Amino acid sequence: MNKNKVSEILLLGLPNSGKSTLVNALTMNKTSIIGSKPNTTRDKISKIISYENDKDILISDLPGFLEKPDEFNINYQNNIDKFINEADKIFFIIDIHTKDFSGLDSIFNIINKKNLSKNVLTIFNKCENFDKNTLDKRLYKYVYNECFFVSGYHKLGLERIHDYLKNIAKKSINEHNYTTSLTIIGRPNAGKSTLFNALLNKERSTVSKVPNTTRDKIVENFETNQRKYLITDTAGIPRKKHKDQIDRYSSEISIKSLENTDIALIVVDSEIGLSFEDKRILNSSIENFVTPLLILNKWDLLDTEQKEDINNSIKRDLKQYRWVNVVRVSALNTKNINQIAKNIDFIETQLNHRISTSELNSYFRELWVKSPPHPFRGKRAKLKFVSQFSTKPPEFGFSLSSRIPKNYISFIENKIRENFNMSVIAFRIKINA
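Residue numbers (the numbering used here): 1 to 433.
Here is the structure:
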């Protein structure tokens with residue numbers, strides 16, 4: 001039973017029973033990845049549904065249950081007892097057209113063996129244009145308590161499910177309203193999921209030697225000694241020519257996740273170094289004013305000479321972004337993992353730092369006199385006013401009499417980093433002229 005404040009609904013079903021489609025229909029977005037290929041979902045995906053009166057419920061989608069799991073799903077098949085025990089209710093999702101009664105029996109036997117029947121509801125999916133009177137009588141065996149006939153794809157019959165969820169949803173106490181979000185991102189097999197599990201101190205994300213095991217976004221709560229965060233593990237971003245349709249969609253979700261995060265934990269395979277894809281992620285992060293933390297994973301696999309080479313290479317590659325913090329770790333051995341938490345807290349402090357308007361104007365008026373910008377198109381800009389109008393990321397507005405050269409904007413950025421406790425974060429400067 002789930003001891004958290006928010007009730008959890010766990011979806012169990014055979015591969016391609018439409019669980020991911022149903023989750024997306026209920027939550028009205030594409031948190032889970034949908035494909036016609038069975039067992040597209042490879043991880044437990046959890047999503048909060050919020051109802052009126054501040055009531056929340058957690059709905060979790062598992063990989064389709066396999067009698068003979070492959071390497072991608074064996075961790076989750078083995079841990080299915082744990083997931084079932086954590087859930088408050090179970091939705092048994094059945095494709096109304098299925099003939100795989102052996103597979104259904106496998107799930108049926110697990111439910112009965114654990115005496116969970118009172119917590120299970122049956123949902124028959126893909127019921128568009130289906131006459132309930134023609135239901136295969138063999139499926140009656142799998143009906144527990146209430147029974148729903150729906151179509152996740154066509155969004156039919158969902159009202160009854162929402163009514164049920166509203167009745168069991170619990171009032172939120174802002175337990176999931178974490179103020180700062182983290183996203184783990186990087187190339188396939190760089191060790192993102194291993195790092196995710198190491199930070200959480202539990203196996204939550206699928207780990208495999210096969211690249212691109214994680215295809216979905218996985219969201220969890222993460223606490224350091226000082227603060228609480230929301231942390232997301234994303235799919236690896238392969239080279240373009242190596243992407244299939246599902247991987248391409250996974251990559252889009254991963255890159256797009258940068259738009260809704262505060263800190264990007266960019267995981268790099270130390271044996272490879274900063275690749276073209278890693279640089280692309282770094283640039284995307286900074287372009288979105290998301291603060292990157294570069295994590296060189298598998299550091300323990302390098303000898304002294306290799307470490308020196310990688311350090312020199314990183315210095316060259318980060319010439320434009322010398323302010324970016326770098327942490328060297330071994331996620332597999334949890335070596336130096338505590339340094340990541342310390343860096344996250346340090347970055348979060350800077351992201352929330354606010355500078356008074358008087359302090360900014362005093363400093364930059366003096367700077368404008370000592371080191372004025374060169375004329376731009378024949379005009380030398382005068383500083384009218386400067387202020388910080390937001391945090392996380394910090395945004396600064398400079399009101400000028402005319403435009404200034406780009407290199408002077410970089411000069412301003414460096415001065416803010418040097419003098420105002422924003423040395424390792426991304427922030428925005430807006431020029432109004």
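Note that beta-carbon positions come from the ideal geometry of N, C-alpha and C, so glycine has one too. These numbers were taken from a predicted model, which means no experiment stands behind them.
Look up residue i in the DSSP assignment and give the residues it is bridged to.
| i | result |
| --- | --- |
| SER387 | GLY397 |
| ARG354 | Its beta-bridge partners do not exist; DSSP assigns none. |
| ALA264 | THR183, PRO292 |
| LEU156 | SER151 |
| GLU220 | ILE231 |
| ASP100 | For ASP100, which the question treats as bridged, DSSP gives no partner whatsoever. |
| VAL468 | Past the edges of the chain, shown from 1 to 433, lies residue 468, and the structure says nothing about it. |
| ILE45 | ASP61 |
Should residue i and residue j be called a contact, given that it needs their Cβ atoms to be closer than 8 Å?
| i | j | result |
| --- | --- | --- |
| VAL327 | ASN336 | yes |
| LEU351 | ILE425 | yes |
| GLY18 | ASP95 | yes |
| ILE123 | PHE148 | yes |
| LEU22 | ILE93 | yes |
| ILE110 | SER117 | no |
| LEU62 | LEU12 | yes |
| ALA465 | SER402 | The shown model of the chain, from 1 to 433, leaves out residue 465, and the question about it has no answer. |
| LEU400 | ILE431 | yes |
| PRO414 | VAL386 | Per the sequence shown, the amino acid found at residue 414 is Asn instead of Pro. No, the Cβ-Cβ distance between ASN414 and VAL386 is not below 8 Å. |
| ASP136 | LEU14 | no |
| HIS97 | LYS126 | yes |
At what residues does the alpha helix (DSSP H) containing residue i begin and finish?
| i | result |
| --- | --- |
| ILE429 | Here ILE429 belongs to no alpha helix (DSSP H); instead the beta strand (DSSP E) covers 428 to 432. |
| ILE231 | No alpha helix (DSSP H) contains ILE231, which is instead part of the beta strand (DSSP E) from 228 to 233. |
| ASN414 | 406 to 419 |
| SER193 | 192 to 200 |
| ASN85 | 80 to 86 |
| SER284 | 276 to 287 |
| THR21 | 19 to 27 |
Work out the CA separation of residue j and residue i for me, nearest whole Å.
| i | j | result |
| --- | --- | --- |
| THR304 | ILE314 | 15 Å |
| THR134 | GLY103 | 22 Å |
| ILE107 | GLU146 | 17 Å |
| SER172 | ILE185 | Low confidence applies here, because SER172 scores a pLDDT of 46, under 50, leaving its location unreliable; read the following figure in that light. Rounded to whole angstroms, SER172 to ILE185 spans 29 Å at the Cα level. |
| GLU395 | ALA433 | 17 Å |
| THR357 | LYS392 | 17 Å |
| SER330 | ILE272 | 15 Å |
| PHE196 | SER46 | 15 Å |
| ILE49 | SER275 | 38 Å |
| TYR76 | THR194 | Any reading at TYR76 must be qualified, since the residue scores a pLDDT of 49, below 50, and its modelled position is unreliable; the value itself is stated next. Their backbone Cα atoms lie some 15 Å apart in a straight line. |
| PRO211 | LEU332 | Bear in mind that the predicted position of PRO211 carries a pLDDT of just 41, short of 50, making it too unreliable to give a figure here. |
| LEU258 | PHE289 | 9 Å |
| LYS82 | ILE295 | 30 Å |
| TRP299 | SER60 | 34 Å |
| TYR140 | ASP105 | 12 Å |
| ARG187 | VAL268 | 7 Å |
| ASN343 | PHE389 | 25 Å |
| TRP368 | ASN297 | 43 Å |
Tell me which same chain residues have a C-beta within less than 7 Å of the C-beta of residue i, skipping the five on either side of it?
| i | result |
| --- | --- |
| PRO292 | ALA264, ILE266, LEU282, SER285, ILE286, VAL324 |
| GLN226 | ASP345 |
Could you spell out the range, first to last residue, of the beta strand (DSSP E) harbouring residue i?
| i | result |
| --- | --- |
| ALA331 | Premise fails: ALA331 is in no beta strand (DSSP E) and is neither H nor E. |
| LYS315 | No beta strand (DSSP E) holds LYS315; the alpha helix (DSSP H) holding it covers 304 to 317. |
| LYS89 | 89 to 95 |
| SER7 | 7 to 13 |
| ASN125 | 120 to 125 |
Taking Cβ positions only, does residue i come closer than 8 Å to chain D?
| i | result |
| --- | --- |
| GLY152 | Absent from the structure is chain D; it holds one protein chain and no more. |
Could you pull out every residue in the same chain whose Cβ sits closer than 6 Å to the Cβ of residue i, ignoring the five residues on either side in sequence?
| i | result |
| --- | --- |
| SER181 | LEU230, THR261, ASP262 |
| PHE420 | ILE355 |
| LYS155 | ALA25 |
| TYR89 | The identity of residue 89 in the sequence shown is Lys, whereas the question assumes Tyr. Closer than 6 Å at Cβ, skipping near neighbours: ILE9, ASN119. |
| ASP317 | LEU274 |
Is any non-hydrogen atom of the ligand FAD found closer than 7 Å to the C-beta of residue i, if you look at the structure I gave you?
| i | result |
| --- | --- |
| ILE272 | What this structure holds is no ligand at all, so the ligand FAD is not there to describe. |
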